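S.K.:
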Amino acid sequence: MSFETTSGNRGLLQAEPLIFETGSAETTGVDLPAPKGESKLGALARKAPLDLPGLSEPETMRHFVRLSQKNYAIDLGLFPLGSCTMKHNPRLNERAARFEGFADLHPLQPASTIQGALALMDELAHWLCTLTGMPAVALSPKAGAHGEFAGMLAIKAALEAKGEGHRKRVLVPSSAHGTNPATAAAAGFTVDEIPARDDGRVHLDDVKAKLGPDVAAIMITNPNTCGLFEPEIKNIADAIHAAGAYFYCDGANYNAIVGKVRPGDLGVDAMHINLHKTFSTPHGGGGPGAGPTVLSEALAPFAPVPHIVLRGDQRELVEHAEGTQAFGRMCAFHGQMGMFTRALTYMLSHGSDGLRQVAEDAVLNANYLLARLKPHFSAPFGASPCMHEVLLDDSSIKPKGVETIDMAKALLDEGYHPFTTYFPLVVHGAMLIEPTETEPKRELDRFADVMIALAERVNAGDVQFFKMAPTLTPMRRLDDTRAARQPKLRWRRGDNQAPAQAAE
Amino acid sequence: MRYLPLTEADRAQMLALTGAKSIDDLFVDVPKGALLKDLVDLPKAQGEIEVHRHLQRLAEKNTPAGRTAFFLGAGAYRHHVPASVDHLIQRSEFLTAYTPYQPEIAQGTLQALYEFQSQVAQLLNVEVANASMYDGSTACAEAAMMAARVTKRKKIVFSGGVHPHYVDTARTACEALGLEIIALPAAVDDEAAVIKALGADVAAVIVQSPNVFGTVTDLTQIGEAARGAGALMVATFTECLAFGLIEPGGAYGADIVCGEGQSIGNALNFGGPYVGLFGVKEKLVRQMPGRVAGETLDADGKRGFVLTLSTREQHIRREKATSNICTNSGLCQLAWTIHMTLLGQKGLTQLAQLNHEKAIALADALGAVKGVKVLTTRFFNELAIELPAPAQGVVDALAEKGVIGGVAMSRLNPRAGMDNVLITCATEMNTDDDIAAYVKALKAVLK
Numbered sequence: 001m002s003f004e005t006t007s008g009n010r011g012l013l014q015a016e017p018l019i020f021e022t023g024s025a026e027t028t029g030v031d032l033p034a035p036k037g038e039s040k041l042g043a044l045a046r047k048a049p050l051d052l053p054g055l056s057e058p059e060t061m062r063h064f065v066r067l068s069q070k071n072y073a074i075d076l077g078l079f080p081l082g083s084c085t086m087k088h089n090p091r092l093n094e095r096a097a098r099f100e101g102f103a104d105l106h107p108l109q110p111a112s113t114i115q116g117a118l119a120l121m122d123e124l125a126h127w128l129c130t131l132t133g134m135p136a137v138a139l140s141p142k143a144g145a146h147g148e149f150a151g152m153l154a155i156k157a158a159l160e161a162k163g164e165g166h167r168k169r170v171l172v173p174s175s176a177h178g179t180n181p182a183t184a185a186a187a188g189f190t191v192d193e194i195p196a197r198d199d200g201r202v203h204l205d206d207v208k209a210k211l212g213p214d215v216a217a218i219m220i221t222n223p224n225t226c227g228l229f230e231p232e233i234k235n236i237a238d239a240i241h242a243a244g245a246y247f248y249c250d251g252a253n254y255n256a257i258v259g260k261v262r263p264g265d266l267g268v269d270a271m272h273i274n275l276h277k278t279f280s281t282p283h284g285g286g287g288p289g290a291g292p293t294v295l296s297e298a299l300a301p302f303a304p305v306p307h308i309v310l311r312g313d314q315r316e317l318v319e320h321a322e323g324t325q326a327f328g329r330m331c332a333f334h335g336q337m338g339m340f341t342r343a344l345t346y347m348l349s350h351g352s353d354g355l356r357q358v359a360e361d362a363v364l365n366a367n368y369l370l371a372r373l374k375p376h377f378s379a380p381f382g383a384s385p386c387m388h389e390v391l392l393d394d395s396s397i398k399p400k401g402v403e404t405i406d407m408a409k410a411l412l413d414e415g416y417h418p419f420t421t422y423f424p425l426v427v428h429g430a431m432l433i434e435p436t437e438t439e440p441k442r443e444l445d446r447f448a449d450v451m452i453a454l455a456e457r458v459n460a461g462d463v464q465f466f467k468m469a470p471t472l473t474p475m476r477r478l479d480d481t482r483a484a485r486q487p488k489l490r491w492r493r494g495d496n497q498a499p500a501q502a503a504e
Numbered sequence: 505m506r507y508l509p510l511t512e513a514d515r516a517q518m519l520a521l522t523g524a525k526s527i528d529d530l531f532v533d534v535p536k537g538a539l540l541k542d543l544v545d546l547p548k549a550q551g552e553i554e555v556h557r558h559l560q561r562l563a564e565k566n567t568p569a570g571r572t573a574f575f576l577g578a579g580a581y582r583h584h585v586p587a588s589v590d591h592l593i594q595r596s597e598f599l600t601a602y603t604p605y606q607p608e609i610a611q612g613t614l615q616a617l618y619e620f621q622s623q624v625a626q627l628l629n630v631e632v633a634n635a636s637m638y639d640g641s642t643a644c645a646e647a648a649m650m651a652a653r654v655t656k657r658k659k660i661v662f663s664g665g666v667h668p669h670y671v672d673t674a675r676t677a678c679e680a681l682g683l684e685i686i687a688l689p690a691a692v693d694d695e696a697a698v699i700k701a702l703g704a705d706v707a708a709v710i711v712q713s714p715n716v717f718g719t720v721t722d723l724t725q726i727g728e729a730a731r732g733a734g735a736l737m738v739a740t741f742t743e744c745l746a747f748g749l750i751e752p753g754g755a756y757g758a759d760i761v762c763g764e765g766q767s768i769g770n771a772l773n774f775g776g777p778y779v780g781l782f783g784v785k786e787k788l789v790r791q792m793p794g795r796v797a798g799e800t801l802d803a804d805g806k807r808g809f810v811l812t813l814s815t816r817e818q819h820i821r822r823e824k825a826t827s828n829i830c831t832n833s834g835l836c837q838l839a840w841t842i843h844m845t846l847l848g849q850k851g852l853t854q855l856a857q858l859n860h861e862k863a864i865a866l867a868d869a870l871g872a873v874k875g876v877k878v879l880t881t882r883f884f885n886e887l888a889i890e891l892p893a894p895a896q897g898v899v900d901a902l903a904e905k906g907v908i909g910g911v912a913m914s915r916l917n918p919r920a921g922m923d924n925v926l927i928t929c930a931t932e933m934n935t936d937d938d939i940a941a942y943v944k945a946l947k948a949v950l951k
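Okay, structure coming up:
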């Protein structure tokens, strides 16, 4: 059935070399006016070779369109990647972000020329604060981890302002995203891990046992990475506050509760919001994101610059920390304006009623999948409802020789992006499935049918099928070990310019 | 609601299968009283027509750069982005893909990343580049922290030519780790002042060329002095287009070359999203922050690409990671790669030359205005001028006349003692008429 073509193409799928293998330094896809050749640079002129290949416009179009066809995407189908909230990206958002009045605006223009942009930022801030029940928000963090960093620096500044800079220990459950401990460390704290319990939840007793005069904060993801709402969250917040520490909430899973629960009512002091998750800005193959961080009354004064202030009917930017309690600056300008525009467009479209429906449908979709899959897979916390994610593990298939990675690769052949694999770390062989609210029932049913058929194939003992998978994708399984042991991170002239050959 | 496919009948049927009686039964773990009974106090859903109108009205309250005679840079630059770039990055397969964690179905993103890394390495003349950072300022902060890790020293020295917002961003990140930032006094043309600040406790000197005043500097001696003192030289930049014409940091032996890539492929967007470029010497690659794509083979022996060296990263190393960064600048990086592919060496060199010539014309025109002195002698497309009056007032008065003349240094750094200094910039977008309008308005304002 499988055969090699002469062209290397396979039907609609075109083989595509690197631009360095097809372009040339003499070719360009732009027509510019001829320069006069004046220079005031003298010896500072570039001598190092550029050697950058150019392609004409039609060749450039083909190159990148061909590449695009080797990608899976939300617009192609269900993208059930747990913890990532791969929901539909409305195109009205894209249009609004490209309005000349937003896209062709420089961050350092005089205040009189940017009133609409500042008003938009204020409106976004109002929506985020109202939805979360928090009094303030720092808009400038550029992604989730950057928002975590802003929140932890606000906590650090608040502690130092109280003369409690000696508090250095941050409690982090072992189920946390890797960014949580990495952020705490980057902010100069030490990380003290709260071990996991069998029920996938953080327990008040375990938190209390860790409390002490050196504890600065706790970082909890809620709903947590096992797809569960932390039932003791309020009591944990109270205990943390009673001990003089702060509560950082990782808002990566906010999609499950938007419009239904306000983190401010749970005792949260700081929480980042991934606009690229809950508020539908596109993931773009890895970014850009945006991570505004909402802050409690206690932390609000320490928010990083810039701040927007109203003077009369004009908005102005405060850009320097001097004379304020701001802990500093997160980035050169005002944050991810292009994402603010998209997120506000999305919020206005949904409204308060639509956003509440988002959370309800996201949770319903996940519980529907849980109900359909539970009889066929091990669902470690499946006895009670989940939030917006279904957590399965490979304990029922592993004895038959098929692991989480094999299930994931088999899904590739079925035309799906797999679930998140091996995360959270606290569940062995985790398969974390997040359908989101933008999936219709028939897509959920089709996905469940596929998963169940794969489980039946495991039971039938067809291990080889899984180990060989994927066979229908543009590439078969790739050798990660080779990539890491013999890193080849760029093209270089003189390297083997033909595609690398397999070692014999 | 147009983005929500479930019907009421679907919801009822699905809820029945879960065994819950009502949707709120699925929120069983939410503490009593915390589950909202009413809608939050915000407007209700609106159709595409109403939302479009609302956003359009906000946009119309701004004055877009293109409606003025525009000469502002200082970290973000107005260049022409070919129409095909924006079309390609909006293809669903790029726009709505995730981080390429499943390489078998993400070769499009991964190959484009590999091409990006290769182009960045060529442009900056470095051995290795990563898959992008959030922007230039955060890339520079990461470079400072990386230098401290590599040298196990705690002091970072910034020249007086580094963009003040870059220094502030690095200060915020570095001081949290107990590192010390030495920011030398603002200086139009004194990157080499960092040499005097070198010592056994200095992890890195961070210099910028072209610097915030536009000055282009030969960094050879600074690099040698840093090496001699066991420190790294970090060369940062805000205008990556300059390297089509001037020598990049890598050619001067910089250990880390990092900065802003917005000029290629990306609109001004009021400050973000942008794309941070980050390149290092090969021996430092395992201390580098951020994602990186690498070449490998698939099970059939075909060349393919994967994210690699992830043992540096937070999802593996947690609190011991080289950085907490997770998300990169995906689409902005893709736009950069597409635009750079369209340009190629020929187009890039030509574009850079056009920018330089526009700046020469601007410098000549402004320098001829009575009371104005051009301070920057060696520039690419940006320069500082001294005015006979505080620059902020002049900028505001020029804006009233439809000219965005630049940014006052006092806005970037109020303590620089440079209240009369204006930083101004010309690109291929400026016409001779723009320059004439600027001169005319400036003469009127200074009268």
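Protein chains in written order, with our numbering: chain A, 1 to 504; chain B, 505 to 951.
No residue lacks a Cβ here, since even glycine has one placed at the ideal position from N, Cα and C.
Fair warning: this is a prediction, and the values are worked out from it, not measured in the lab.
Output, in chain order, the set of chain B residues within a Cβ distance shorter than 8 Å of Ser296 of chain A.
M.R.: As a position in the first sequence, residue 296 of chain A is number 296, starting the count at 1. Here the premise fails: no neighbours, minimum Cβ distance about 16 Å.
S.K.: Which of the three DSSP states, helix, strand or coil, is assigned to Val215 of chain A?
M.R.: Locating residue 215 of chain A in the first sequence gives position 215, counting from the first residue. Of the three classes helix, strand and coil, the one that applies to Val215 of chain A here is strand, per DSSP.
S.K.: What residue does the beta strand (DSSP E) around Gln314 of chain A start on, and which one ends it?
M.R.: On the first sequence, position 314 is the one that residue 314 of chain A refers to. From DSSP, the beta strand (DSSP E) with Gln314 of chain A extends over Gln314 to Val318.
S.K.: Do His272 of chain A and Gly291 of chain A have their CB atoms nearer than 8 Å?
M.R.: The residue labelled residue 272 of chain A in the question sits at position 272 within the first sequence. The residue labelled residue 291 of chain A in the question sits at position 291 within the first sequence. Against a cut-off of 8 Å, the Cβ pair of Gly291 of chain A and His272 of chain A comes out as a contact.
S.K.: CB Leu105 of chain A to CB Phe774 of chain B, shorter than 8 Å?
M.R.: Looking up residue 105 of chain A in the first sequence gives position 105. Looking up residue 774 of chain B in the second sequence gives position 270. Yes, the pair counts as a contact, with Cβ atoms nearer than the cut-off.
S.K.: Am I right that Val761 of chain B and Val630 of chain B are in contact with their C-beta atoms under 8 Å? What's the rounded C-beta distance?
M.R.: Position 257 of the second sequence holds residue 761 of chain B. Position 126 of the second sequence holds residue 630 of chain B. So it is a contact: roughly 5 Å between Cβ atoms.
S.K.: If we ignore side chains and look at the alpha-carbon of each, how far apart do Arg515 of chain B and Glu437 of chain A end up?
M.R.: Taking the second sequence and counting its residues from 1, one reaches residue 515 of chain B at position 11. Taking the first sequence and counting its residues from 1, one reaches residue 437 of chain A at position 437. If I take the Cα positions, the gap works out to 11 Å.
S.K.: Hey, Leu120 of chain A and Thr341 of chain A: beta-carbon distance below 8 Å or not?
M.R.: Within the first sequence, residue 120 of chain A is the residue found at index 120, counting from 1. Within the first sequence, residue 341 of chain A is the residue found at index 341, counting from 1. Yes; because the gap between Cβ atoms is below 8 Å, this pair is in contact.
S.K.: Less than 8 Å between the beta carbons of Arg476 of chain A and Asp590 of chain B, yes or no?
M.R.: The sequence position of residue 476 of chain A within the first sequence is 476, counting from 1. The sequence position of residue 590 of chain B within the second sequence is 86, counting from 1. Not a contact, by the Cβ cut-off of 8 Å.
S.K.: Taking its Cβ as the centre, do 16 or more other Cβ atoms sit within 10 Å of Thr404 of chain A, making it buried, or is it exposed?
M.R.: Here residue 404 of chain A refers to the residue found at position 404 of the first sequence. Label assigned to Thr404 of chain A: buried.
S.K.: Tell me the rounded alpha-carbon separation between Met387 of chain A and Asp406 of chain A.
M.R.: Position 387 of the first sequence, counted from the start, is the residue given in the question as residue 387 of chain A. Position 406 of the first sequence, counted from the start, is the residue given in the question as residue 406 of chain A. Roughly 26 Å between the two C-alpha positions.
S.K.: Examine chain B for any beta-carbon lying closer than 8 Å to the beta-carbon of Gly147 of chain A, and answer yes or no.
M.R.: Position 147 of the first sequence, counted from the start, is the residue given in the question as residue 147 of chain A. Cβ-Cβ to chain B under 8 Å: no for Gly147 of chain A.
S.K.: Using a Cβ cut-off of 8 Å (strictly closer), state whether Thr5 of chain A contacts chain B.
M.R.: Reading the first sequence from its first residue, position 5 is the one you call residue 5 of chain A. Not an interface residue.
S.K.: Given Arg915 of chain B, which residues of its chain have a CB within under 7 Å of its CB, disregarding the five upstream and five downstream residues?
M.R.: Within the second sequence, numbered from 1, the residue matching residue 915 of chain B stands at position 411. These residues qualify, in order along the chain: Gln896.
S.K.: Suppose the cutoff is 6 Å on Cβ atoms and the five residues either side in sequence are ignored; what does the same chain contact list for Lys837 of chain B look like?
M.R.: Here residue 837 of chain B refers to the residue found at position 333 when the second sequence is read from its first residue. Contrary to the premise, residue 837 of chain B reads as Gln rather than Lys in this sequence. Excluding residues within five positions, the ones whose Cβ falls inside 6 Å are Phe620, Ser636 and Val779.
S.K.: Taking only the alpha-carbon atoms, compute the straight-line gap between Leu540 of chain B and Val268 of chain A and give it to the nearest angstrom.
M.R.: Stepping through the second sequence from its first residue, residue 540 of chain B is reached at position 36. Stepping through the first sequence from its first residue, residue 268 of chain A is reached at position 268. Cα-Cα distance, rounded: 16 Å.
S.K.: At least one CB of chain B closer than 8 Å to the CB of Phe381 of chain A: is that the case?
M.R.: By one-based count along the first sequence, residue 381 of chain A stands at place 381. Output row for Phe381 of chain A: interface = no.
S.K.: Below 8 Å on the Cβ atoms is my guess for Val363 of chain A versus Ala256 of chain A; work out the distance and round it to an integer in Å.
M.R.: The count along the first sequence starts at 1 and reaches residue 363 of chain A at position 363. The count along the first sequence starts at 1 and reaches residue 256 of chain A at position 256. Going by Cβ atoms, the distance from Val363 of chain A to Ala256 of chain A rounds to 6 Å, so yes, they are a contact pair.
S.K.: Return the CA-CA distance between Glu57 of chain A and Ile660 of chain B, expressed in angstroms with no decimal places.
M.R.: The sequence position of residue 57 of chain A within the first sequence is 57, counting from 1. The sequence position of residue 660 of chain B within the second sequence is 156, counting from 1. Taking the straight line joining both Cα atoms gives about 44 Å.
S.K.: Is Gly763 of chain B helix, strand or coil by DSSP?
M.R.: As a first step, residue 763 of chain B must be located in the second sequence, where it is residue number 259. Of the three classes helix, strand and coil, the one that applies to Gly763 of chain B here is strand, per DSSP.
S.K.: Listing by chain order, which chain A residues have their CB less than 8 Å from the CB of Ala548 of chain B?
M.R.: For this step, residue 548 of chain B is matched to residue 44 along the second sequence. Reading off the sequence shown, one finds Lys at residue 548 of chain B, where the question assumed Ala. The contacting residues are Gly351, Ser352, Asp353 and Gly354.
S.K.: Strictly below 8 Å CB to CB, what residues from chain A border His583 of chain B?
M.R.: On the second sequence, residue 583 of chain B is found 79 positions in, with the first residue counted as 1. Under the 8 Å cutoff, chain A gives no residues; its nearest Cβ is about 11 Å from His583 of chain B.
S.K.: What runs of the alpha helix (DSSP H), each 4 residues or longer, lie entirely inside the stretch 139-211 of chain A?
M.R.: Complete alpha helix (DSSP H) runs here, min 4: 144-161, 179-186 and 204-210.
S.K.: Enumerate in chain order the residues of its own chain whose CB-to-CB distance from Asn9 of chain A is below 6 Å, with the five nearest sequence positions on each side excluded.
M.R.: In the first sequence, the residue the question calls residue 9 of chain A occupies position 9. Same-chain partners within the cutoff: Ala15.
S.K.: How many Å lie between Glu434 of chain A and Lys824 of chain B at the Cα?
M.R.: Translated into the one-based positions of the first sequence, residue 434 of chain A becomes position 434. Translated into the one-based positions of the second sequence, residue 824 of chain B becomes position 320. So the two alpha carbons sit approximately 28 Å from each other.
S.K.: Hey, how far is the Cα of Thr281 of chain A from the Cα of Pro135 of chain A?
M.R.: As a first step, residue 281 of chain A must be located in the first sequence, where it is residue number 281. As a first step, residue 135 of chain A must be located in the first sequence, where it is residue number 135. Each residue's alpha carbon lies about 24 Å from the other.
S.K.: Taking only the alpha-carbon atoms, compute the straight-line gap between Gln854 of chain B and Thr831 of chain B and give it to the nearest angstrom.
M.R.: As a working mapping, residue 854 of chain B is identified with position 350 in the second sequence. As a working mapping, residue 831 of chain B is identified with position 327 in the second sequence. Their backbone Cα atoms lie some 33 Å apart in a straight line.
S.K.: Does Leu153 of chain A get closer than 8 Å to chain B when you measure Cβ to Cβ?
M.R.: Within the first sequence, numbered from 1, the residue matching residue 153 of chain A stands at position 153. True, the Cβ-Cβ gap to chain B drops below 8 Å.
S.K.: Bridge partners for Leu105 of chain A per DSSP, in chain order?
M.R.: Your numbering for residue 105 of chain A matches position 105 in the first sequence. DSSP, once it has assigned bridges, lists no residue as partnering Leu105 of chain A.
S.K.: Closest to Gly612 of chain B by CA distance: which of B:Ala735, B:Leu811, B:Gly682 and B:His584 is it?
M.R.: The residue given as residue 612 of chain B occupies position 108 in the second sequence. Ranking B:Ala735, B:Leu811, B:Gly682 and B:His584 by Cα distance to Gly612 of chain B puts B:Leu811 first.
S.K.: Let's see if you can read the secondary structure: which residues bound the alpha helix (DSSP H) around Gln725 of chain B?
M.R.: Taking the first residue of the second sequence as 1, we reach residue 725 of chain B at position 221. Where Gln725 of chain B is concerned, the enclosing alpha helix (DSSP H) stretches over Thr724 to Gly732.
S.K.: On the three-state DSSP scale, how would you describe Gly612 of chain B?
M.R.: As a position in the second sequence, residue 612 of chain B is number 108, starting the count at 1. If DSSP states are grouped into helix, strand and coil, Gly612 of chain B belongs with the helices.
S.K.: Any Cβ of chain B within less than 8 Å of the Cβ of Gln14 of chain A?
M.R.: For the purposes of this step, residue 14 of chain A is taken as residue 14 along the first sequence, with counting starting at 1. It does not; no Cβ of chain B falls within 8 Å.
S.K.: Hey, how far is the Cα of Gln849 of chain B from the Cα of Ser7 of chain A?
M.R.: Taking the second sequence and counting its residues from 1, one reaches residue 849 of chain B at position 345. Taking the first sequence and counting its residues from 1, one reaches residue 7 of chain A at position 7. Near 29 Å, if we compare the C-alpha coordinates of Ser7 of chain A and Gln849 of chain B.
S.K.: Does DSSP put Thr655 of chain B in a helix, in a strand, or in coil?
M.R.: Working through the second sequence from its first residue, we reach residue 655 of chain B at position 151. In the structure shown, Thr655 of chain B sits in a helix (DSSP, three-state: H, G or I).
S.K.: Figure out for me which residue from B:Ala797, B:Ser814 and B:Asp759 has the closest Cα to the Cα of Lys787 of chain B.
M.R.: Start at 1 with the first residue of the second sequence, and residue 787 of chain B comes out as number 283. It is B:Asp759.
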